[in-house]
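Engineer: Each residue of the sequence shown is one higher than the last, beginning at 78 in this note's numbering. Backbone N, C-alpha and C fix where the C-beta goes; we use that ideal spot for every residue, glycine too.
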Amino acid sequence: MKTIFEPFRIKVVEPIRLTTREERVDLLRRAHWNLFAIHADDVIIDLLTDSGTSAMSAEQWAAVMRGDESYAGSPSYYRFESAVRELMPFKHVIPTHQGRAAEAILFSIVGGPGRMVPSNTHFDTTRGNIEATGAQAVDLVIAEAHDPASTHPFKGNMDIARLEALLEASAERVPLVMITITNNAGGGQPVSLENVRAVADIAHRHGKPLFIDGCRFAENAWFVKCREPGQASRAVTEIVRDLFAAADGMTMSAKKDAFANIGGWLAVNDDALAAAARNRLILTEGFPTYGGLAGRDLEAIAVGLHEIVDEQYLRYRVRTNEYIGEKLTALGVPIVLPVGGHAVFVDARRFLPHIPPLQYPGQALAVALYEYGGIRACEIGTVMFGLRPDGTEAPADADLVRLAMPRRVYTQSHADYLVEVFEEVVKRRGELRGFRIVWQPPQLRHFTARFEPVA
Ligand SMILES: Cc1ncc(COP(=O)(O)O)c(C=O)c1O
78 MKTIFEPFRI KVVEPIRLTT REERVDLLRR AHWNLFAIHA DDVIIDLLTD
128 SGTSAMSAEQ WAAVMRGDES YAGSPSYYRF ESAVRELMPF KHVIPTHQGR
178 AAEAILFSIV GGPGRMVPSN THFDTTRGNI EATGAQAVDL VIAEAHDPAS
228 THPFKGNMDI ARLEALLEAS AERVPLVMIT ITNNAGGGQP VSLENVRAVA
278 DIAHRHGKPL FIDGCRFAEN AWFVKCREPG QASRAVTEIV RDLFAAADGM
328 TMSAKKDAFA NIGGWLAVND DALAAAARNR LILTEGFPTY GGLAGRDLEA
378 IAVGLHEIVD EQYLRYRVRT NEYIGEKLTA LGVPIVLPVG GHAVFVDARR
428 FLPHIPPLQY PGQALAVALY EYGGIRACEI GTVMFGLRPD GTEAPADADL
478 VRLAMPRRVY TQSHADYLVE VFEEVVKRRG ELRGFRIVWQ PPQLRHFTAR
528 FEPVA
């Protein structure tokens, strides 16, 4: 089948306001060229994030009505807990209002000055939460991940030798090992089941627990099914269970692979860690059976977890990104290969070689996509990762622009429009200019920094 078959019908629609280029030039100036400061009503296709932007199903909306808002012991919590444990069999499931709250609770307990937390690649909030405790976040992804042209099937894999060396040298500083599936900051690339098991073996040999950042676990499991030898005939749900059976805990943002608009959780097997986490939870989020969420949110997550492992959905999901990737490649736009699970990542440093990394080529491309087509994308490069804890700045490993696909929201004609906008930007690429930052906060600067075009 050539047509991408969206395996759903549309029951509720949201109009999209079409803006002109002149309007958008003015909106950009007023937003100090930071796309996070643009009002969503002024965006035509919003690919800023796949987080919390999913279209909920009729079943999820029905479940919302079943939400029970009891302060303690809500049946909605128990439905949520059993949906999580059906896929991720951890002993304690602690709901949080989103993924970073789970990270903040975990690292407030196990982080601290002198500690080190290795991962394949920490996402920015994970890194931020680790560093906020004075600990060091260490990325140990395989070398192929740094080569956008490499078609390695599991570019999210951890470099086993480097992990082993780090644990040999500094085990006493490491409270836990983490692995992010799929590897968002590294291009949405998957991690193989074999790699997760190998990482777990090494961690356990050194007496360290393995935690999975499981935000996009279903997309990761789909890639395992499609690409890993011996996995093709297995159900996605079985693969998911195997991935998590190797680990001792997880953090999760339900805003991704649970089709929810809000929510997350921390899950652990260790009783003492769970008790400490619940104490923090009560201080910062809420009682352990709602943890910063309404009962109705817990219901939406429980249903979303059943729907996300549907293989027809996962096929459509991944095919949409491949389709966009193929069209951009045909236009000569360099992208990270293979195309990721939740997004297409454009290599802005290669696309705009005349803009040096410290003038943020990713920001320049993201701004151009908005100006020429009202498309909002996200810089994942020197703006996001270039500010070091001591306040100095260095180019990130890569300057990427992420075109993140909200789940079940856009159709193939929206994808075709995106490709048309790229055609225009390709024609104008020589005219695009870099940016300088004129104001920034000390952490997570990409959300609020103010920019000015370089003359
Ligand atoms: C891999 C990864 N981990 C953690 C998070 C944080 O989750 P949240 O946005 O729900 O706080 C994200 C969000 O984008 C993510 O992609």
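What residue ranges within the region 432-471 form continuous alpha helix (DSSP H) runs of no fewer than 4 residues, ordered along the chain?
Structural biologist: Complete alpha helix (DSSP H) runs here, min 4: 438-450 and 459-462.
Engineer: Is it the case that the CB of SER185 approaches a heavy atom of ligand 1 more closely than 6 Å?
Structural biologist: Here residue 185 refers to the residue found at position 108 of the sequence shown. No, Cβ of SER185 sits at least 6 Å from all heavy atoms of ligand 1.
Engineer: State whether the region 335-349 contacts the region 367-383, with contact taken as three or more CB pairs (one from each stretch) at a distance under 8 Å.
Structural biologist: As far as the Cβ criterion goes, the region 335-349 touches the region 367-383, which means the pair count is three or higher.
Engineer: So, for VAL102: in the same chain, excluding its five sequence neighbours on each side, which residues have a beta-carbon less than 8 Å away from its beta-carbon?
Structural biologist: In the sequence shown, the residue the question calls residue 102 occupies position 25. GLU448.
Engineer: Looking at C-beta atoms only, is the number of pairs between the region 246-254 and the region 175-195 that lie closer than 8 Å three or more?
Structural biologist: The answer is yes - the region 175-195 touches the region 246-254, with three or more Cβ pairs under 8 Å.
Engineer: Please identify the residue among THR198, LEU164 and ARG98 whose C-alpha is closest to the C-alpha of GLN266.
Structural biologist: The residue labelled residue 266 in the question sits at position 189 within the sequence shown. Selected option, being the one with the closest Cα: THR198.
Engineer: Would you decide whether PRO166 is buried or exposed? Buried here means 16 or more other CB atoms lie within 10 Å of its CB.
Structural biologist: What you label residue 166 is simply residue 89 of the sequence shown in a count that begins at 1. Flag for PRO166 reads exposed.
Engineer: What are the complete alpha helix (DSSP H) segments, minimum 4 residues, inside the region 341-422?
Structural biologist: For the region 341-422, whole alpha helix (DSSP H) runs of length 4 or above, ordered along the chain, are 348-361, 372-385 and 388-407.
Engineer: Ends of the beta strand (DSSP E) at GLN213?
Structural biologist: For the purposes of this step, residue 213 is taken as the residue at position 136 of the sequence shown. Its beta strand (DSSP E) spans residues 213-216.
Engineer: Suppose the cutoff is 6 Å on Cβ atoms and the five residues either side in sequence are ignored; what does the same chain contact list for ALA222 look like?
Structural biologist: For this step, residue 222 is matched to residue 145 along the sequence shown. So the qualifying residues of the chain are LYS232 and GLY263.
Engineer: May I have a chain-ordered list of the beta strand (DSSP E) segments no shorter than 3 residues that lie completely inside the region 474-508?
Structural biologist: With a minimum length of 3 residues, the continuous beta strand (DSSP E) runs that stay inside the region 474-508 are 477-481.
Engineer: Measuring CA to CA, which of VAL531, GLN489, LEU375 and GLY511 is closest to ARG156?
Structural biologist: Against the sequence shown, residue 156 aligns to sequence position 79. Nearest of VAL531, GLN489, LEU375 and GLY511 to ARG156, Cα basis: LEU375.
Engineer: As an exercise, report each continuous alpha helix (DSSP H) stretch of at least 4 residues that is fully enclosed by the region 198-282, in chain order.
Structural biologist: Listed in chain order, the complete alpha helix (DSSP H) runs (minimum 4 residues) inside the region 198-282 are 201-209, 237-247 and 270-282.
Engineer: Identify the residues that DSSP records as bridge partners of TRP516: which are they?
Structural biologist: The sequence position of residue 516 within the sequence shown is 439, counting from 1. DSSP, once it has assigned bridges, lists ARG527 as partnering TRP516.
Engineer: Given that a residue counts as buried once 16 or more other Cβ atoms are within 10 Å of its Cβ, and exposed if not, what is VAL503?
Structural biologist: Residue mapping note: residue 503 aligns to position 426 of the sequence shown, counting from 1. So VAL503 counts as exposed.
Engineer: CB of PHE200 to nearest heavy atom of ligand 1: below 6 Å?
Structural biologist: Residue numbering aside, residue 200 sits at position 123 when the sequence shown is read from its first letter. It does: the Cβ of PHE200 is within 6 Å (strictly closer) of some heavy atom of ligand 1.
Engineer: Report yes if the C-beta of CYS292 is less than 6 Å from at least one heavy atom of ligand 1; otherwise report no.
Structural biologist: Here residue 292 corresponds to residue number 215 of the sequence shown, with the count starting at 1. Result yes, Cβ under 6 Å from ligand 1.
Engineer: Tell me which same chain residues have a C-beta within less than 8 Å of the C-beta of ALA351, skipping the five on either side of it?
Structural biologist: Reading the sequence shown from its first residue, position 274 is the one you call residue 351. Same-chain partners within the cutoff: LYS168, HIS169, ILE171 and VAL345.
Engineer: Helix, strand or coil for ILE289, going by three-state DSSP, please let me know.
Structural biologist: Counting from one through the sequence shown, the residue named residue 289 turns up at place 212. Note: ILE289 maps to strand in three-state DSSP.
Engineer: Judging by CA-CA distance, which residue of ASP424, THR259, LEU240 and SER330 is the nearest neighbour of VAL413?
Structural biologist: Position 336 of the sequence shown, counted from the start, is the residue given in the question as residue 413. Among ASP424, THR259, LEU240 and SER330, the Cα nearest to that of VAL413 belongs to ASP424.
Engineer: By how many angstroms is the C-alpha of GLN440 removed from the C-alpha of ARG465?
Structural biologist: If you number the sequence shown from 1, residue 465 lands on position 388. If you number the sequence shown from 1, residue 440 lands on position 363. Approximately 18 Å, taken between the alpha carbons.
Engineer: Run the proximity test for LYS332: is its beta-carbon closer than 6 Å to any non-hydrogen atom belonging to ligand 1?
Structural biologist: Residue 332 sits at position 255 when you count from the first residue of the sequence shown. Indeed, a heavy atom of ligand 1 lies less than 6 Å from the Cβ.
Engineer: How long is the line joining the alpha carbons of ARG506 and LEU442, rounded to whole angstroms?
Structural biologist: On the sequence shown, position 429 is the one that residue 506 refers to. On the sequence shown, position 365 is the one that residue 442 refers to. Computed Cα separation, rounded: 9 Å.
Engineer: Once the 5 residues before and after LEU217 are set aside, which same chain residues still bring their CB inside 8 Å of it?
Structural biologist: Here the question's residue 217 lines up with position 140 in the sequence shown. PRO195, SER196, ASN197, MET235, ASP236, ARG239, LEU240 and LEU243.
Engineer: Between GLY341, ARG107 and ARG479, which has its C-alpha nearest ILE182's C-alpha?
Structural biologist: Along the sequence shown, one-based indexing puts residue 182 at 105. ILE182 has its Cα closest to that of GLY341, out of GLY341, ARG107 and ARG479.
Engineer: Please confirm whether any heavy atom of ligand 1 lies closer than 6 Å to the CB of THR96.
Structural biologist: Residue 96 sits at position 19 when you count from the first residue of the sequence shown. False, no ligand heavy atom lies under 6 Å from that Cβ.
Engineer: Measuring CB atoms only, is the region 82-93 touching the region 426-437, in the sense that at least three cross pairs come out at less than 8 Å?
Structural biologist: Taking 8 Å as the limit for Cβ pairs, the verdict is that the region 426-437 does not touch the region 82-93.
Engineer: On the three-state DSSP scale, how would you describe ASP103?
Structural biologist: Residue numbering aside, residue 103 sits at position 26 when the sequence shown is read from its first letter. The answer is helix: DSSP assigns ASP103 an H, G or I state.
Engineer: Provide the residue(s) that pair with ILE122 in DSSP beta bridges, ordered along the chain.
Structural biologist: As a first step, residue 122 is located in the sequence shown; it is residue number 45 there, counting from the start. Answer is ILE452.
Engineer: Would you give the residue range spanned by the alpha helix (DSSP H) that GLU185 belongs to?
Structural biologist: Against the sequence shown, residue 185 aligns to sequence position 108. According to the sequence displayed, residue 185 carries Ser and not Glu. Segment 176-187, the alpha helix (DSSP H) holding SER185.
Engineer: Using alpha carbons as the reference points, say which of THR459, ILE279 and TRP299 lies closest to ALA248.
Structural biologist: Within the sequence shown, the letter at position 171 stands for residue 248. Residue ILE279 is the option with its Cα nearest to ALA248.
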